[in-house]
Each structure stands twice: as structure tokens, then as C-alpha cells.
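Here is the structure we will look at.
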Amino acid sequence: MSVEQRSFLKRHAGEYPVINIRQVHGGDVLVVNEDMVAGQFYEADGVLTDKPDVLLCVRTADCLSVFLCDPKTKVIGVVHAGWRGTQENIVGHAVRQIIEVYGASPGHIKAAFGPCICGSCYEVGTEFLDYFPGHIHQKDNKVYFDLVAANNSQLTAEGVLAENIFKSSICTFEQNSYFSYRRDGKNTGRILSAIMIKSKP
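Numbering (our numbering), first residue to last: 3 to 203.
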């Protein structure tokens, strides 16, 4: 997390504990429990909780952030889904955790996608034809992967209703106001995506 992001969180969420995850581009989803220490980093690419006043965060720069909530069981979560996490079906894993741990119904779960690189800009290698055969298109002898479509399909496969999935139309690669690893390289910043249940309005 950058100095600027830490400063932002201190200004706007200073009174709330922050559960930080060290993202490893995998499929593990962390379920927050009473023993976890705010500020300590836990290795995972998704995090869930039903506890109020606990801030959950992920960081992205072309990868997809997926916010999850179930208003019935009052569970929230956020997932970092790059192509590797998508290959491991991290959003599907998160949904199953919400169902198994918290007793949620998939029909009540809502999902919202943050900005990410779009399928027209995400050029990949030919191996992706095997990884994601339903979410690839080819143009001018180049291969492109649709990260949003792949994660949307994984959510609906777990029973999340299409009308409960909300997508962003923002492409981080195309719009210079957003951080993009593909456009700017490894020294670019990261978009901070955060979600919390507030106990007080």
C-alpha cells in the first residue's frame, strides 16, 4: 500500500481497523475472524467478513476488483482477480465461502466490478486460448482476453443472478486517469478498492 493510500485511509477511515492482504495472484480467500490483527498482512487475494466497522481492501492496476455483498446475511467481501486468480476461479471460491460460512443464498448475493483493463486492450499469449476458450477473441493475429466476461461467467455459474452483477465500463488501459500496469509499467500506482459495513449511519 502506498504512502498516499495509507494517508487517505488514515484521514477517511482512521478510526476503523483495516484488514490488509498481501496479494499473490492466486485463488485464496480470507475469512476475517476475531483473532486477526488489523494492520497485519495476510496472504490472499480476497477477503470476507460479516463484522461491522472493519475495512477490507485490495489494490489493482488493470486487474479486476470484485465487490461482493449479501444484504440478507450482512456479509461483504472484495476480491482481486487477475488472470491467474480468474484461472483459479477466485470469485467462485469467494461466493462458495459466503454460502458455506455465512449461510447465504447465491440468489441474494450482489457483485460489483471495479475498473480494469477491457477485453479490447488485454493482449495475451496464445496459451490463453486453452485457459479461457470462451472469453478470448482474435484480431490482426493477436489474442485478447475479456477479464470481465470470464469473472461474470464464474459468478453466474455459482448461482449469482445476472441482474445482481454490476459492471464498470471504465478501461484502466484506455483512460490515463487510472493506474495501468500494461500502459505504464511496473512503477505505476495501484487503485485502492475498499468496502466496509458501518455500524452507524
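Glycine included, every Cβ here is placed at the ideal spot set by N, Cα and C.
Which listed residue (ILE167, VAL81, TYR124, CYS65) has its alpha carbon closest to that of CYS118: The residue labelled residue 118 in the question sits at position 116 within the sequence shown. Among ILE167, VAL81, TYR124, CYS65, the Cα nearest to that of CYS118 is on CYS65.
Assign VAL5 to one of three DSSP states: helix, strand, or coil. Within the sequence shown, residue 5 is the residue found at index 3, counting from 1. Only weak support is given to the placement of VAL5: the predicted model assigns it a pLDDT of 49, under 50, and the value that follows is read from those uncertain coordinates. In the structure shown, VAL5 sits in a helix (DSSP, three-state: H, G or I).
How long is the line joining the alpha carbons of GLN140 and ASP132, rounded to whole angstroms? Here residue 140 corresponds to residue number 138 of the sequence shown, with the count starting at 1. Here residue 132 corresponds to residue number 130 of the sequence shown, with the count starting at 1. Between GLN140 and ASP132, the C-alpha separation is close to 13 Å.
Contacts around GLY273, its chain only, beta-carbon distance under 6 Å, and the 5 residues preceding and following it disregarded: Examination of residue 273 is not possible in this model, given that the chain is present from 3 through 203 alone.
Among all the DSSP beta bridges, which residues are the ones paired with TYR146? Within the sequence shown, the letter at position 144 stands for residue 146. BP columns for TYR146 point to GLU125, HIS139.
C-alpha gap between MET3 and ARG24, whole angstroms: For the purposes of this step, residue 3 is identified with residue 1 of the sequence shown, where counting begins at 1. For the purposes of this step, residue 24 is identified with residue 22 of the sequence shown, where counting begins at 1. Low per-residue confidence applies at MET3: pLDDT is 49, beneath 50, and the placement is therefore not dependable, though the value from the model is reported in the following sentence. Rounded to the nearest angstrom, the two C-alpha atoms are 9 Å apart.
Cβ neighbours of TYR146 in the same chain (closer than 8 Å, five flanking residues each side left out): One-based indexing of the sequence shown puts residue 146 at position 144. Closer than 8 Å at the Cβ level, and outside the excluded window around TYR146, lie GLY121, SER122, CYS123, TYR124, GLU125, VAL126, ILE138, HIS139, GLN140.
Quick check: the Cα distance between ARG98 and VAL68, rounded to an integer number of angstroms? One-based indexing of the sequence shown puts residue 98 at position 96. One-based indexing of the sequence shown puts residue 68 at position 66. If I take the Cα positions, the gap works out to 15 Å.
Excluding the five sequence neighbours on either side, which residues of its own chain have a C-beta within less than 6 Å of the C-beta of ASN166, listed in chain order? Numbered from its first residue, the sequence shown carries residue 166 at position 164. Same-chain partners within the cutoff: LYS112.
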